[in-house]
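Q:
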Amino acid sequence: MDFESKIGYQTPTNELDLLNAREFADWHNMARDNDGDARAIPNDTGFNPNIDTDWQDVQISPALFKEYSVNVSGGSDQARFYVSGQLLDQEGVVVDSDFRRYNFTVNTSFNKGIFSMDQSLLLSREENNTNNFFSREGEVPPTIPIYDENNEGGFAGLDPNLYGMARGINWYGRAILHDNLFTTDRVIGSIQPKLQLSKNLTYKLNLGIDYGIQHNYAFQPTFFQSTSQEASEVIASLNENYVRSLSSLMENTLQYSNTFGKHGVTLLTGFTTQSIKARSAGGIGTNFIFNDFRVLDAADDNTDNTTGNLQENALTSYLGRIDYDYDGKYILSGTIRRDGSSRFREENRFGVFPSGSLGWRISKEGFFPQDGFVSNLKVRGSYGLLGSQNVGNYVTSSVLNVSNFYNLGGMVQGGSTVSQLANPNLKWETTTIQNYGLDAEFLGGKMNFSAEYYKKRAEDILVNVPIPLSGGLGGSLANNAATIDNSGFEFGGTYKHFSLNEGLNFDITANFNTVKNEVIALGEGVNAITGGGYTQGGYNATRTDVGQPVASFYGLLTEGVYQTQTEIDADGRTNAVLGDMNFVDLNSDGLINDDDQTYLGSAIPDFEYSLAINMDYKNFDLSIFIQGVEGNELWNGKRYHQVLDGTRGLKRREALDAWTPQNTNTIVPRATIRDLALNKRPSDYLVEDGSYLRLKAVQLGYTLPSDIVKKLYLSKLRFYIAGQNLLTFTDYQGYDPELGRPLNGSGSLFDSGVNRRAYPNNQNLLLGVQVGF
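For the sequence shown, our numbering begins at 1099 and goes up steadily by one.
#1: Would you kindly work out how many angstroms separate the C-alpha atoms of T1364 and S1214, rounded to a whole number?
#2: Straight-line CA distance for N1201 to L1748?
#3: Please list the terminal residues of the continuous alpha helix (DSSP H) segment that includes V1238.
#4: What did DSSP end up calling P1564 once you bin it into helix, strand or coil?
#5: Check whether the region 1203-1222 and the region 1276-1292 touch, using three or more Cβ-Cβ pairs below 8 Å as the test.
#6: Determine the extent of the beta strand (DSSP E) in which A1619 is found, giving its start and end residues.
#7: Can you give the beta carbon distance from F1280 to Q1323, rounded, assuming they're within the 8 Å contact cut?
#8: Cα-Cα, which of E1786, K1736, D1829 is closest to S1233?
#9: Nearest to G1630 by CA position, among G1252, F1848, E1600, G1173, is which residue?
#10: Run through DSSP, which three-state label would Q1695 get?
#11: Our contact map puts N1611 next to D1678 with C-beta atoms below 8 Å; I'd like the distance itself, whole angstroms only.
#12: Restricting to Cα atoms, I'd like to know which of A1820, F1871, V1869 is closest to Q1108.
#13: If I measure Cβ to Cβ from N1609 and keep anything under 6 Å in the same chain, skipping five residues before and after, which residues do I get?
#14: Leaving out five residues before and five after R1555 in sequence, what residues of the same chain have Cβ atoms less than 6 Å from its Cβ?
#15: Give every residue of the same chain whose Cβ lies closer than 7 Å to the Cβ of S1844, excluding the five residues on either side of it in the sequence, and list them in chain order.
#16: Please report the residue range of the beta strand (DSSP E) in which I1374 lies.
#17: Three Cβ pairs or more, each shorter than 8 Å: is that satisfied between the region 1489-1496 and the region 1468-1480?
#18: Should E1237 go down as buried or exposed, given a rule of 16 or more other Cβ atoms within 10 Å for buried?
#19: Just to confirm, are N1680 and T1656 a CB contact at a threshold of 9 Å?
#20: Cα separation between F1179 and D1187?
#21: Since K1808 is in the alpha helix (DSSP H), which residue starts that stretch and which ends it?
#22: So, K1476 versus A1576, is the Cβ gap smaller than 9 Å?
#23: Excluding five sequence neighbours on each side, which residues of the same chain lie with their C-beta closer than 7 Å to the C-beta of E1121?
#24: What are the boundary residues of the alpha helix (DSSP H) that W1125 is part of?
#25: Does the separation of the CB atoms of K1302 and T1351 fall below 9 Å?
#26: With 16 as the cutoff for other CB atoms within 10 Å, does P1160 come out buried or exposed?
#27: Quick check on S1453: does DSSP put it in helix, strand or coil?
#28: Who are D1399's beta bridge partners in DSSP?
#29: Can at least three beta-carbon pairs, one atom from the region 1854-1869 and one from the region 1099-1119, be found at a separation below 8 Å?
#30: Nearest to A1619 by CA position, among I1606, T1642, V1613, is which residue?
#31: Taking the continuous beta strand (DSSP E) assigned at I1311, which residues delimit it?
#32: Between the C-alpha atoms of D1142 and T1241, what's the straight-line distance to the nearest angstrom?
#33: Can you look up G1464 in the DSSP assignment and give me helix, strand or coil?
#34: Which same chain residues end up closer than 7 Å to E1752 when comparing Cβ atoms and leaving out the 5 residues on each side of it in sequence?
#35: In the DSSP output, which residue or residues are listed as bridge partners for N1205?
#36: Rounding to the nearest angstrom, what Cα-Cα distance links N1842 and Q1634 in this structure?
Structural data, given as structure tokens:
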């Protein structure tokens, strides 16, 4: 029996340097002066020095997490069991966010004669309370207090007209008032009976299920902050729904293995089926008499807002594999799969995906020195195809909305409209993978090294391609949109040192990988794909086109800001003044427009690297993991709001370096709200170096000596202290160069590297104890 307990302290890996109330008011006054507009009274004659709200400090704070686990195992030669339980309770560093998980696991194994069986069962519950308002655009400035007892709900807001802003929402207040919880209960189980039909022939059956019930609950009470958009709600609403899903799996395999002298052969054939069914039902209630009654029955209107759907899909596979080796020197393997998915129409339903590999262990040859520095040497190569059905259900069929009504001749008529376009020609996405490598061991296994070249070509990639609003629907359409190449080298090596007299033992593992990504072709009828929206203003950060990495950043080049009128006149910029962005006229047509946009980098790094060190000395143990990436860029969308956009309420310190006649040695454009020169357009000003080096994890442990542990009637007692993300070296100015969980949706392929809203990554410090009985 083993027990482990740990408690941790979490903080964000970085915090932004934001302006205080006086600094924000000065910046806003400067912007209004530059625009020739009257200053907003609360920032000028009506400035209140007693109000200085640090909205970042209000919304982000240190948080605790606790984790407990216990497991019991035992059995005999014929039967074994393992039972474990786990509890994780994690507060979020963002206010009003937390996560809890409960797990219970039972694994057993049994064998008797020619029959054996393995079984696994996992029962889990997850309770996830998310803050959907953190880091949204339109924040109130630091000149606004947190609370106002005169407002319904108790939180302060601002009058956009009075404060000279497009809008301003107290997102902290909205997060506190908004009540939401996502609860998921799951049962995941499998049984794997195996029958030894003969010495060389084995039949194996794998039956698995994944049953889940998800409850989504979100209540928005009535409240009032101000007349600003999204700053009040006069009708309370409750959105509640359940999703019940069942995924079942059946795998049948028959394997034959035998040796004939120096020849070894293994043959396998199989048939697998998987089906997934999910049914949802929910309702929306509005007009609650009291905010405290948060059930659908308490809503005055809960009859016409019901929802529900059924989702089903199935996958069938036929497979075969052959493995052959000769005397451990020559190794061959071949596999073929035929997969069929219900997500495609009948003519495209099945795909065939073969693969094969060859290996030559040179060190087994007679001519290879057996007592030399190199103790094992192998070269290998492989080639194969993989299929993907990564697309939604029913996307090959149009969806009609039959609940449309219109007035014709004074009478209300019913009608139907297409709410989802179909692509009946969808087919399997296919990835061709080539690998050519070398594996070597030195000094009898104390050192090993591997080197590999890989090339992956993904054809007919399945993605949702945005539909222009001019098409009548907007949204997106599933498509086999592109062919993309990924290629590079992977190097890895390990050195192990073992002491013979209880001294220092250690091993060091290093990895270095390169990657080159390029779009080779776009699908039929697919134009260059834009994505990476980072503002409600409609600007996009990425463009995917032939010859470039996928989701490359795309925008205007800048040459600082205008310092002289001569520069402005030379560019023919009638809407620009001194201090505005000096955009590069790439096509030299005397205009600055979309035709001058170009590629500005990619979120895909040139190379990645890592170093792992594990060591122990007597009863102490230490592990260190260092990781980094180099050569990638990130699009800092928050810099748009917090530096360039004068209509928003939070500004970072960089904004104070805006161009003025007295401050000309800067690349920050002049403060402006009207922005007649369109300084906010997508440009390299928002592109930052995303490279970083990070101390990803470190752990120091001490295990009590066995003689002391035995006196405590224990088999093991170990204490440890650990940290994650303790040190980060980067030039990126956002919260974290690993952008973390996106908060503006699922985050598609075309949003890669764009920071619009992201949950900050955590820096963790924890203490733990492991006890064996």
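Every residue gets a Cβ at the ideal spot worked out from N, C-alpha and C, and that includes glycine.
A: Once the coordinates are examined:
#1: On the sequence shown, residue 1364 is found 266 positions in, with the first residue counted as 1. On the sequence shown, residue 1214 is found 116 positions in, with the first residue counted as 1. Rounded to the nearest angstrom, the two C-alpha atoms are 20 Å apart.
#2: As a position in the sequence shown, residue 1201 is number 103, starting the count at 1. As a position in the sequence shown, residue 1748 is number 650, starting the count at 1. Distance between the alpha carbons of N1201 and L1748: 41 Å.
#3: Here residue 1238 refers to the residue found at position 140 of the sequence shown. Here V1238 belongs to no alpha helix (DSSP H), and DSSP marks it neither H nor E.
#4: By 1-based counting over the sequence shown, the position of residue 1564 is 466. The answer is strand: DSSP assigns P1564 an E or B state.
#5: With the cut-off at 8 Å, the region 1203-1222 and the region 1276-1292 touch.
#6: As a first step, residue 1619 is located in the sequence shown; it is residue number 521 there, counting from the start. Note, A1619: beta strand (DSSP E), 1614-1620.
#7: Start at 1 with the first residue of the sequence shown, and residue 1280 comes out as number 182. Start at 1 with the first residue of the sequence shown, and residue 1323 comes out as number 225. 26 Å between Cβ atoms; not a contact.
#8: As a first step, residue 1233 must be located in the sequence shown, where it is residue number 135. That would be K1736, whose Cα lies nearest to the Cα of S1233.
#9: Within the sequence shown, residue 1630 is the residue found at index 532, counting from 1. For G1630, the nearest C-alpha among the options comes from F1848.
#10: Within the sequence shown, the letter at position 597 stands for residue 1695. Reduced to three states, the DSSP call for Q1695 is coil.
#11: By 1-based counting over the sequence shown, the position of residue 1611 is 513. By 1-based counting over the sequence shown, the position of residue 1678 is 580. Not a contact, Cβ separation roughly 42 Å.
#12: If you number the sequence shown from 1, residue 1108 lands on position 10. Comparing Cα positions, the closest option is A1820.
#13: Taking the first residue of the sequence shown as position 1, residue 1609 is located at position 511. These residues qualify, in order along the chain: G1590, S1708.
#14: Residue 1555 sits at position 457 when you count from the first residue of the sequence shown. So the qualifying residues of the chain are T1530, D1583.
#15: Position 746 of the sequence shown, counted from the first residue, corresponds to residue 1844. Residue placement at S1844 cannot be trusted, given a pLDDT of 48 that sits under 50; the coordinates are not used to answer.
#16: Translated into positions along the sequence shown, residue 1374 becomes position 276. Note, I1374: beta strand (DSSP E), 1361-1386.
#17: Because the criterion of three Cβ pairs below 8 Å is not met, the region 1489-1496 and the region 1468-1480 do not touch.
#18: In the sequence shown, the residue the question calls residue 1237 occupies position 139. By the neighbour-count criterion, in which a residue is buried when 16 or more other Cβ atoms sit within 10 angstroms of its Cβ, E1237 is buried.
#19: As a working note, residue 1680 is residue 582 in the sequence shown. As a working note, residue 1656 is residue 558 in the sequence shown. Yes, they are a contact pair.
#20: For the purposes of this step, residue 1179 is taken as residue 81 along the sequence shown, with counting starting at 1. For the purposes of this step, residue 1187 is taken as residue 89 along the sequence shown, with counting starting at 1. Cα to Cα, the separation comes out at about 27 Å.
#21: Here residue 1808 refers to the residue found at position 710 when the sequence shown is read from its first residue. First-last of the alpha helix (DSSP H) with K1808: 1804-1809.
#22: As a first step, residue 1476 must be located in the sequence shown, where it is residue number 378. As a first step, residue 1576 must be located in the sequence shown, where it is residue number 478. Cβ atoms of K1476 and A1576: not closer than 9 Å.
#23: Residue numbering aside, residue 1121 sits at position 23 when the sequence shown is read from its first letter. Within the same chain, E1121 has close Cβ partners L1754.
#24: Translated into the one-based positions of the sequence shown, residue 1125 becomes position 27. Run containing W1125: 1119-1133, per the alpha helix (DSSP H) assignment.
#25: Locating residue 1302 in the sequence shown gives position 204, where the first residue counts as 1. Locating residue 1351 in the sequence shown gives position 253, where the first residue counts as 1. Yes. Within cutoff.
#26: Position 62 of the sequence shown, counted from the start, is the residue given in the question as residue 1160. Flag for P1160 reads exposed.
#27: On the sequence shown, residue 1453 is found 355 positions in, with the first residue counted as 1. Looking at S1453 - three-state DSSP - the assignment turns out to be strand.
#28: For the purposes of this step, residue 1399 is taken as residue 301 along the sequence shown, with counting starting at 1. Per DSSP, the beta bridge partners of D1399 are T1384.
#29: yes
#30: By 1-based counting over the sequence shown, the position of residue 1619 is 521. The option with the nearest alpha carbon to A1619 is T1642.
#31: Start at 1 with the first residue of the sequence shown, and residue 1311 comes out as number 213. Taken as a continuous stretch (DSSP letters only), the beta strand (DSSP E) holding I1311 covers 1299-1318.
#32: As a first step, residue 1142 is located in the sequence shown; it is residue number 44 there, counting from the start. As a first step, residue 1241 is located in the sequence shown; it is residue number 143 there, counting from the start. When rounded, the distance between both Cα atoms is 11 Å.
#33: Here residue 1464 is taken as the residue at index 366 of the sequence shown, counted from 1. Reduced to three states, the DSSP call for G1464 is coil.
#34: Within the sequence shown, the letter at position 654 stands for residue 1752. Correct list, in chain order: V1741, V1766.
#35: What you label residue 1205 is simply residue 107 of the sequence shown in a count that begins at 1. According to DSSP, which records beta bridges pairwise, N1205 is partnered with Y1180, S1218.
#36: Numbered from 1 along the sequence shown, position 744 holds the residue referred to as residue 1842. Numbered from 1 along the sequence shown, position 536 holds the residue referred to as residue 1634. The predicted model places N1842 with a pLDDT of 44, which falls under 50 and marks its position as unreliable, so this point remains unresolved.
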